[in-house]
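So the protein sequences, as listed, match chains L and X. Residue 65 is where the first sequence starts when you use the working numbering, and the numbers rise one by one after that. Residue -14 is where the second sequence starts when you use the working numbering, and the numbers rise one by one after that. Note that beta-carbon positions come from the ideal geometry of N, C-alpha and C, so glycine has one too. Predicted model only: the values in this text are computed from it and were never measured. Right, one structure below, let's go through it.
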Amino acid sequence: EPEVTQTPSHQVTQMGQEVILRCVPISNHLYFYWYRQILGQKVEFLVSFYNNEISEKSEIFDDQFSVERPDGSNFTLKIRSTKLEDSAMYFCGGRLAVADYEQYFGPGTRLTVT
Amino acid sequence: AQKVTQAQTEISVVEKEDVTLDCVYETRDTTYYLFWYKQPPSGELVFLIRRNSFDEQNEISGRYSWNFQKSTSSFNFTITASQVVDSAVYFCALSEARGNTPLVFGKGTRLSVIA
């Protein structure tokens, strides 16, 4: 069964550094998402992406964040200058079509900013 | 604005007990979708079920069952004869039925099943 994959599984970085979190969605999915989960808290929406552009973003997704789908398969989340409060689990999600609202998630990348 | 409330932060049960996880939602939309996800200790989010707002039939899948009541804006999840492997955080989520809409999650309920 196809799965969403995410790399790395764990990333440790120093405050102020740039990080890129990578996701390979299920191949026939059309809609893509990034969510984050600060340890012990709920899952929060960051950004949605369709047809090579951002559809919607939350207020968390400020100018430090960007997303790309550079080659038609990978879907990346970049944090330009990490802060301590960016430490969280980041989940990539995708879904097939407008009528199929089930979002399937990757295993997550745990980002630790020191 | 949409909101999902899972009032139970943590629940502990003894194996083989039944347990119900509560979910109450708020939305102004007349058409929407409700979901349950499981997050085991390994951390991934596992899709369990989607329910459409226009379909109030309850659903059963093995030991899992879901009770959707539009009148009380609730979508509760029951695990029958719980097992240790059911120990996880369970999230209820809501999305509008439009375009590329994101999920709005509740804060989750941590279920511990003790042998």
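Within a 10 Å sphere around the beta-carbon of F39 of chain X sit fewer than 16 other beta-carbons, which makes this residue exposed. Residue pairing from DSSP leaves S58 of chain X without any beta-bridge partner. Cβ-Cβ separation between Y17 of chain X and F32 of chain X: approximately 17 Å, too far for a contact (criterion under 8 Å). Within the same chain, G157 and R159 come within 6 Å of Q167 of chain L by CB-CB distance, once the 5 residues on both sides are set aside. Close partners of R35 of chain X in chain L (Cβ separation under 7 Å): Y165 and E166. Comparing alpha carbon positions, the residue from L:E132, L:T140 and L:S145 closest to Q70 of chain L is L:T140. Residues E(-5) and V74 of the same chain have their beta carbon placed closer than 6 Å to that of R95 of chain X, with the five preceding and five following residues left out of the count. Partner residues in the beta bridge of N37 of chain X, as assigned by DSSP, are X:Y18.
For V4 of chain X, the closest C-alpha among the options X:F90, X:S50 and X:D14 is that of X:S50. If you keep only unbroken alpha helix (DSSP H) runs of at least 4 residues inside the region 127 to 178 of chain L, you get nothing at all. V107 of chain L and F125 of chain L have their C-alpha atoms some 14 Å from each other. The Cβ atoms of V131 of chain L and S151 of chain L do not sit closer than 8 Å to each other. In this structure, the CA atom of R86 of chain L is about 21 Å from the CA atom of L88 of chain X. The Cβ-Cβ distance between I84 of chain L and K142 of chain L falls below 8 Å. Spatial neighbours of S97 of chain X in its own chain (CB-CB distance under 8 Å, excluding positions within 5 residues in sequence) are listed in chain order as E(-5), I(-4), S(-3), V(-2) and S72.
Here DSSP, grouped into helix, strand and coil, assigns V69 of chain X to helix. Around the beta carbon of M79 of chain L, fewer than 16 other beta carbons sit within 10 angstroms, so the residue counts as exposed. The C-beta of L30 of chain X comes closer than 8 Å to at least one C-beta of chain L.
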